[in-house]
Amino acid sequence: MGRVGVRKVMTVLLVSVPAVILLYLALGPTVISPLLLFNSSATAADPMLARDALILSAIRLPRVLMAGLVGASLACCGAAMQGLFRNPLADPSLIGVSSGASAGASFSIVIGAGWIDSSAILGLSVVSLGAVVGAIIAVFLVYRLATNRYGTSVVTMLLSGVAIGAVASALNSLFSYFADSDMLRRISIWQMGNLDGATWERVFLIFVVALILCWRLPQHCRALNAFLLGESEARYLGIRVERVKKELVLITALAVGIGVVVCGNIAFVGLVVPHILRSLIGPDHRTLIPASALAGAILLIVADIVARTVIAPAELPAGILTSLVGAPVFFFLLVKSKVLNNPERL
Amino acid sequence: MILELRNLSALISSQISLRNIEFAVDAGKTTIIIGPNGAGKTSLLRAICGDLPLSSGQVLLNSKALDDWPVNKRATLLAILPQRSTLEFPFTVEEVVTMGRIPHSTSNQRNREIVGEALDLVDCQHLQHRSFINLSGGEKQRVQLARVAAQIWEPSASGERCLILDEPSASLDLAHQEMIVTMLRHFNEQGAASLVVLHDLNLAAKCGDAIVMLKQGRVAALGTPEEVLKEDCLNAVFDIRSRVIENPLSNKPMVVT
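So the sequence lines, in the order shown, correspond to chains A and B. To get this note's numbering, take the position in the first sequence, counting from 1, and add 24. To get this note's numbering, take the position in the second sequence, counting from 1, and add 27.
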């Protein structure tokens, strides 16, 4: 079945994370030794080195941490959603978070045009707050539509996620229609997913999200494994199915929503990373989720390294890169898996 | 009485409902549910398991209403195998059976032993490291049987155990249909009760201590195999022309058509 040992994969991932972080710190318009961060006597003596140290601590370090934390959150939420929906092609954006956040952001760019950037809370602009509100509304609607007094239907949730996503993107177009050209550019750049807005405040925000994920997700790994047998089977195994579902949807909405707030839409990380790792180490969530987190961090850091260097000194939004690479991979997975031949999958 | 149904009614669809169903399964006994297609056999099991809301009546497990049991404690006593398995993720056979141990806090070492013994019981020891999704239908069924067996493998302090199976023999060959009989006997000898839906009337006669015959959501007959498997009753319920003779090997009733 082509499984590689869990231990082998985890070792490679654990070694690669610090390696890509160091690589990230070193590369850029100027190549800087990451060791400079710890060498205060040298930077005190040489103003050029002091400038380099400032580039590291104020620009590259928060940015690489943000890339890593966003990538990790998206990937482990992806693994959790694929387990919850019992579908290896599910994605955190399926529950409407990303499209809701985009519509919220466009709304605040167009309507709140006057006071954008002038007011900010915790390093977040009005646009970001609009995105959070949009994400919350979307998830709430999706969840309500799929819930009746007998519980929440995962299939209905999937379908209403698609429907709410369609409504949100229509609203998005509507706001874009009324936007002037400057607003349009802001909307489209925001939606591409870009890590260049990294600040320590944003790193802190996504760090809190990552802590919540580290605390809550491991408690649901056995439940997610049981979910793969079927929802009733999970209940027969003593899992509190409704509670687990509700909590997983909520923390995914939070993680993806905050992810969208700090760096816009980053597509396909949550879909592709868990999918590939599942084929390497098997579907057991107790190992799949931590491995996905590490690999998600690595993927987004590497994507941003490429985004920053490929057309240097200018740079690409990392979200474009993940989509460009992710979409063909997604299609490949779709064709290879039995989904197309097996309509019963949903 | 391990499992007791008291005057259970539930709505299956606008056309059909389960009405006033009442029977009990005793410790160490097996009760078989039979009936024509659409009689409500699977719906009855779903109602017992809490997947189909009851309109009236009660299900008791060890004399305590099913809803009053904490879910995780209930899972150590009551194992249920639905008709169809939908597992489409590449777990190994061993991992699937180990999931039966989720409600328990036994050591990994002990879980491994139980999984091995459960796989032995269903004749699947050799499949242990294979990927579940590549197995044949009958092999999948046997692995799922091992999973529910592992779930209630050991006697529990909180009460007597109960095994519920929905058409476990559907995709099994003759030798492995016999295995169902062995498996039920294995648990019955330890005092556990079982409730099984079967289509094969002769298999039902062989492994059932009692038989419940359903027709259109009602109990049409209830009793020992000898009492229920009678020509006139079978002919009326199943709309067939049958003869009941004595099985020369087991001395149980045997239905021939």
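Where is the CB? At the ideal position from N, CA and C, for every residue including glycine.
Alpha carbon to alpha carbon, how far is residue i from residue j?
i	j	result
C135(A)	I213(A)	With the sequence shown as reference, residue 135(A) is identified as Ile, and Cys is not the correct amino acid for it. Looking at the two C-alpha atoms, the distance is approximately 17 Å.
A263(B)	L256(B)	12 Å
H226(B)	N34(B)	24 Å
N274(B)	M281(B)	5 Å
A342(A)	L51(A)	16 Å
P314(A)	K68(B)	43 Å
A288(B)	D259(B)	Residue 288(B) lies beyond the residue range present for chain B, which begins at 28 and ends at 284; the question has no answer from this structure.
C101(A)	I29(B)	42 Å
L60(A)	S81(A)	10 Å
W180(B)	A54(B)	16 Å
N278(B)	L261(B)	19 Å
L364(A)	L357(A)	For L364(A), the predicted model reports a pLDDT of 44, less than 50, meaning its position is unreliable and no value from the coordinates is stated.
S64(A)	P53(A)	22 Å
H299(A)	I39(B)	38 Å
V224(B)	G235(B)	10 Å
T171(A)	S177(A)	6 Å
L38(A)	A291(A)	24 Å
G221(A)	V334(A)	19 Å
W107(A)	V297(A)	Residue identity check: residue 107(A) is Gly in the sequence provided, not Trp. Between G107(A) and V297(A), the C-alpha separation is close to 14 Å.
V285(A)	P71(A)	36 Å
T284(B)	R268(B)	6 Å
Evaluate residue i with the Cβ neighbour count: other Cβ atoms within 10 Å of its Cβ, from every protein chain shown; 16 or more gives buried, anything less gives exposed.
i	result
N64(B)	exposed
P42(A)	exposed
Y48(A)	buried
K91(B)	exposed
L274(A)	exposed
T103(B)	buried
N215(B)	buried
G164(B)	exposed
P307(A)	buried
T119(B)	buried
K233(B)	buried
R270(B)	exposed
K413(A)	Because chain A spans 25 through 370 in this model, residue 413(A) falls outside it and cannot be assessed.
G127(B)	buried
D266(B)	exposed
S196(A)	For clarity, residue 196(A) is Asn in the given sequence; the question names Ser instead. So N196(A) counts as buried.
Assuming residue i and residue j make a contact with CB atoms under 8 Å, what is their CB distance in whole Å?
i	j	result
I322(A)	V44(A)	5 Å
L222(B)	V52(B)	5 Å
P112(A)	R302(A)	7 Å
V33(A)	I305(A)	5 Å
G119(A)	A277(A)	Checking the sequence shown, residue 119(A) turns out to be Ile, not Gly. I119(A) to A277(A), Cβ: 7 Å. Contact.
Q217(B)	P182(B)	6 Å
A376(A)	A129(A)	With chain A running from 25 to 370 in the structure shown, residue 376(A) is simply not present.
L211(B)	T58(B)	L211(B) to T58(B), Cβ: 10 Å. No contact.
R259(A)	V268(A)	Contact doesn't hold; Cβ gap of about 10 Å is too wide.
Are any of the Cβ atoms in chain A nearer than 8 Å to that of residue i?
i	result
T113(B)	yes
A106(B)	yes
A102(B)	yes
N99(B)	yes
P117(B)	yes
M126(B)	yes
E166(B)	no
E31(B)	no
Q178(B)	yes
D94(B)	no
At the 8 Å Cβ level, is residue i part of the contact set with chain B, yes or no?
i	result
R438(A)	Only positions 25 to 370 of chain A appear in this structure, which leaves residue 438(A) out of reach.
R31(A)	no
D204(A)	no
G136(A)	no
L364(A)	Because the pLDDT at L364(A) is just 44, under 50, the model does not fix this residue reliably, and the value given afterwards should be weighed accordingly. Taking Cβ atoms only, chain B never reaches closer than 8 Å to L364(A), which makes this a no.
L85(A)	no
N249(A)	yes
R246(A)	yes
L272(A)	no
D115(A)	no
L357(A)	no
V28(A)	no
Under 7 Å from any heavy atom of the ligand ATP, does the C-beta of residue i make it?
i	result
R73(B)	No copy of the ligand ATP occurs in the structure displayed, which carries no ligand at all.
Open item on the list: Between the region 234 to 242 of chain A and the region 95 to 106 of chain A, can you find at least three pairs of beta-carbon atoms closer than 8 Å?
Closed with: yes
Task: Cβ pair count under 8 Å reaching 3, the region 93 to 104 of chain B against the region 41 to 51 of chain B - done: no
TODO: Take every Cβ of the region 104 to 121 of chain B, pair it with every Cβ of the region 235 to 254 of chain A, and state whether three or more of those distances are shorter than 8 Å.
DONE: yes
TODO: Could you tell me whether the region 315 to 335 of chain A touches the region 149 to 161 of chain A, using the rule of 3 or more Cβ pairs below 8 Å?
DONE: no
- [ ] Examine the Cβ distances between the region 349 to 358 of chain A and the region 219 to 227 of chain A and report whether three or more of them are shorter than 8 Å.
- [x] Under the Cβ criterion (8 Å, minimum of three pairs), the region 349 to 358 of chain A does not count as touching the region 219 to 227 of chain A.
- [ ] Check whether the region 184 to 191 of chain A touches the region 115 to 127 of chain A, taking contact to mean three or more Cβ pairs, one atom from each stretch, closer than 8 Å.
- [x] The answer is yes - the region 115 to 127 of chain A touches the region 184 to 191 of chain A, with three or more Cβ pairs under 8 Å.
- [ ] Take every Cβ of the region 163 to 177 of chain B, pair it with every Cβ of the region 138 to 149 of chain B, and state whether three or more of those distances are shorter than 8 Å.
- [x] yes
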